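Inspection log for the structure reproduced underneath, given as structure tokens.
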Amino acid sequence: MTGQLTADQLTAGELEKIRADFPILSRTVRDSRPLVYLDSGATSQRPRQVLDAERSFLEQHNAAVHRGAHQLAEEATDAYESARARIAAFVGVQPDEVVFTKNATEGINLVAYALSNSTGAGGAAQRFVLAPGDEIVVTEMEHHANLVPWQELCRRTGATLRWYQVTDGGRLDLDSLELSERTKVVAFTHQSNVMGTVPPVAELVRRAREVGALTVLDACQSVPHTPVDFAALDVDFGVFSGHKMLGPSGVGVLYGRRELLEALPPFLTGGSMIEIVKMEGSTYAPPPQRFEAGVPMTSQAVGLGAAVDYLAAVGMDRVAAHEHALTEQALTGLSEIDGVRIIGPTDAEDRGGAVSFMVADVHAHDTGQVLDDLGIAVRASHHCAWPLHRRFGIAASVRASFAVYNTPAEVDALLAGVHEVRRFFRVPA
Amino acid sequence: MKLEQMYQEIILDHYRNPHRQGLREPFDAESYQINPTCGDEVTLRVALEGDRVTDVSYDAIGCSISQAATSVLTDLVVGRTVAESTSTMDAFVTMVQSRGQAEPDEDVLEDAVAFAGVSQYPSRVKCALLGWMAFKDAVGRADAARSDNGAQRAEA
Chain U
1 MTGQLTADQL TAGELEKIRA DFPILSRTVR DSRPLVYLDS GATSQRPRQV LDAERSFLEQ
61 HNAAVHRGAH QLAEEATDAY ESARARIAAF VGVQPDEVVF TKNATEGINL VAYALSNSTG
121 AGGAAQRFVL APGDEIVVTE MEHHANLVPW QELCRRTGAT LRWYQVTDGG RLDLDSLELS
181 ERTKVVAFTH QSNVMGTVPP VAELVRRARE VGALTVLDAC QSVPHTPVDF AALDVDFGVF
241 SGHKMLGPSG VGVLYGRREL LEALPPFLTG GSMIEIVKME GSTYAPPPQR FEAGVPMTSQ
301 AVGLGAAVDY LAAVGMDRVA AHEHALTEQA LTGLSEIDGV RIIGPTDAED RGGAVSFMVA
361 DVHAHDTGQV LDDLGIAVRA SHHCAWPLHR RFGIAASVRA SFAVYNTPAE VDALLAGVHE
421 VRRFFRVPA
Chain P
1001 MKLEQMYQEI ILDHYRNPHR QGLREPFDAE SYQINPTCGD EVTLRVALEG DRVTDVSYDA
1061 IGCSISQAAT SVLTDLVVGR TVAESTSTMD AFVTMVQSRG QAEPDEDVLE DAVAFAGVSQ
1121 YPSRVKCALL GWMAFKDAVG RADAARSDNG AQRAEA
């Protein structure tokens, strides 16, 4: 990811213009404090362009997609498929390799269930059948969404879950695990949602391929913040969520390599995803329709298309350069405060803009509460990465996470806020 | 500022110097409770003599609100009957869930009235209740164990 950081920084004027597109950023919270929104890792805010696209779709073109031959149905289907095509291009893949899901969590579950549905499905799905002794590999830094579905897949199939460990410095320990011929899936994050760590994707893919394992990339925390090209990364599957990338909630994306999607059995079944239905049994549509049962979310997909247009217009290399500068500022500033412990890499290389930390003698919840009182929205919890927190011997941490609309002044507000936390709880200097 | 209303000195005092901390013997029942949103946890033991609570001991990881609430809890229930403790718990639960509307009775809740400010922060209510949920569960388990023993004795 470091390659993209040579792009021009956003100018103050450009940043101001971007912020003006996000109505919520101008509101106040808690006794008239200007909102400092540093929780985009949980969910990002949405620009007018996204809200307008959703509204205009609903006011002008709303209909059930891929059904009916009336004009609205045609327009709605075109809008939905156009969004798919733009989103696919945004991550370097073909439109028929993009499946709309509810969110990234559903995308990972889709892959996990399709794999176990291969048992007994026959035909091309035979290659995906898992059996006792097979291995699914994840990492210790995964979000629960890229851990629990694999635990469940192991429970259903008798396969064994193994994982790469995390070093004290918050990097992936590539020496902690050897893949084997029995490794069938290697699932890992593109950027830790807690530590910002970007693992060595190319090396992980190389190792997986060497043993013939499928790779699944959780790109929730990378696609909104840096240029991502699934085809170039050479992963088999990739997922991300709309609401973390300036888009609506209720829509996410699963990328799957075409030949894999073609061979996989469905996860959810019902309307839309069929080819021929008879009382005795049914056959299924080719991908991506095979994996989109029921009337899909439509205005949300259209909104996500608008979000992708918005990010592409700014330029993802510039988004990455901007957030990299904010991350460096935050890491440097936090390191200079006594008693602050950063969870994860303390340098900004191969690292995105999720900065988690602890203030000595103050629980994460209490830190978050004082920051909230200053109008600063951060997350205080285990961030759905409980095993990672346990690995660092803590129950919870405070996370500031950045997006394209954040400013250096907001990072300064965070740093001042952390000083106030120490004063409020009378942490000795 | 609301923040000072929540983090009253009494709460911060209990947080820094918690009462009856640590797990002790003997005890009649133990409960382990966890707040899945933040990972905070408490293991709490109750010792009873007849209907009276004679000791509450605990080991907890958590924020100032959850730690202080558990510390205050022990002051409110040790030496009281289970029935008195339960009605104090009900008053506490009502207060912290009131969204700032409750007028707590200081005669019943004593130091625990300091937690009234928590009711203005819905996401922190669970923190204040973690220890109380453990207490309720432990008393329930002690009761159940007693009736089981009673039943066995009756059979024997």
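Residue numbers (the working numbering), protein chains in the order written: chain U, 1 to 429; chain P, 1001 to 1156.
Positions of the beta carbon are idealized from the N, C-alpha and C atoms, including for glycine.
For clarity, every value in this text was computed on a predicted model and none was experimentally measured.
Closer than 7 Å at the beta carbon, the chain U residues around residue i
i                       : result
residue 1064 of chain P : 363, 366
Counterpart residues of residue i in DSSP-defined beta bridges
i                       : result
residue 184 of chain U  : Partner(s): none; residue 184 of chain U has no beta bridge.
residue 46 of chain U   : None; residue 46 of chain U has no bridge partner.
residue 434 of chain U  : Nothing can be reported for residue 434 of chain U, as the shown portion of chain U is limited to 1 through 429.
residue 358 of chain U  : U:341
residue 36 of chain U   : U:376
residue 1030 of chain P : P:1045
residue 1035 of chain P : P:1040
residue 409 of chain U  : Its beta-bridge partners do not exist; DSSP assigns none.
residue 1021 of chain P : P:1058
residue 281 of chain U  : U:278
residue 399 of chain U  : U:356, U:379
residue 172 of chain U  : U:166
residue 370 of chain U  : None, per the DSSP bridge assignment.
residue 351 of chain U  : U:197
residue 29 of chain U   : U:33
Closer than 7 Å at the beta carbon, the chain P residues around residue i
i                      : result
residue 185 of chain U : Going along chain P, no residue has its Cβ under 7 Å from residue 185 of chain U, so there is no contact; the nearest lies around 27 Å.
residue 404 of chain U : Result: empty, since nearest Cβ-Cβ is about 27 Å, beyond 7 Å.
Interface flag, residue i vs chain U, CB-CB below 8 Å
i                       : result
residue 1003 of chain P : yes
residue 1043 of chain P : no
residue 1040 of chain P : yes
residue 1037 of chain P : yes
Proximal residues to residue i (C-beta, below 8 Å), its chain only, five neighbours per side dropped
i                      : result
residue 340 of chain U : 334, 357, 358, 359, 360, 418
residue 236 of chain U : 214, 215, 216, 256, 257, 260
residue 75 of chain U  : 60, 61, 63
residue 203 of chain U : 174
Close Cβ partners of residue i (< 7 Å) along its chain, the five nearest in sequence each way excluded
i                       : result
residue 292 of chain U  : 99, 100, 272, 273
residue 348 of chain U  : 324, 327, 328, 331
residue 79 of chain U   : 57, 61, 302
residue 312 of chain U  : 90
residue 34 of chain U   : 28, 375
residue 106 of chain U  : 252
residue 400 of chain U  : 38, 330, 355, 378, 414
residue 234 of chain U  : 205
residue 3 of chain U    : In this predicted model, residue 3 of chain U has a pLDDT of only 47, less than 50, meaning its place in the structure is not dependable enough to derive any value.
residue 1097 of chain P : 1119, 1125
residue 195 of chain U  : 141, 170, 343, 344, 345, 354, 356
residue 1138 of chain P : 1029, 1030, 1031, 1044, 1045, 1046
C-beta neighbour in chain P for residue i, strict 8 Å
i                      : result
residue 395 of chain U : yes
residue 2 of chain U   : Reliability of the predicted coordinates at residue 2 of chain U is poor, the pLDDT of 46 falling under 50, and no value is obtained from them.
residue 70 of chain U  : no
residue 166 of chain U : no
residue 370 of chain U : yes
residue 389 of chain U : yes
residue 386 of chain U : yes
Chain-ordered chain U contacts of residue i [CB-CB under 8 Å]
i                       : result
residue 1061 of chain P : 395
Within chain P, partners of residue i - CB distance below 8 Å
i                      : result
residue 356 of chain U : Going along chain P, no residue has its Cβ under 8 Å from residue 356 of chain U, so there is no contact; the nearest lies around 13 Å.
Partner residues on chain P for residue i, Cβ-Cβ distance less than 9 Å
i                      : result
residue 381 of chain U : 1037, 1038, 1039
Own chain, CB closer than 6 Å to residue i, minus 5 neighbours either side, in chain order
i                       : result
residue 1 of chain U    : Caution is warranted here: a pLDDT of 47 is assigned to residue 1 of chain U, below 50, making its placement in the model unreliable, and no coordinate value can be reported.
residue 41 of chain U   : 193, 354, 401
residue 1074 of chain P : 1019, 1020, 1056
residue 275 of chain U  : 283, 284, 285
residue 430 of chain U  : Since the first and last residues shown for chain U are 1 and 429, residue 430 of chain U lies out of range.
residue 1089 of chain P : 1132
Continuous beta strand (DSSP E) assignments of at least 3 residues falling wholly in the stretch 184-258 of chain U: 214-218, 237-241, 252-256
Where are the alpha helix (DSSP H) runs, 4 residues long or more, that stay fully inside the stretch 1041-1113 of chain P, in chain order? 1064-1077, 1082-1096, 1106-1109
Note down, one range per segment and in chain order, each alpha helix (DSSP H) of at least 4 residues found wholly within the stretch 58-111 of chain U. 71-90
Could you name each continuous alpha helix (DSSP H) segment of 4 residues or more that falls completely within the stretch 276-329 of chain U, going from the start of the chain to the end? 299-314
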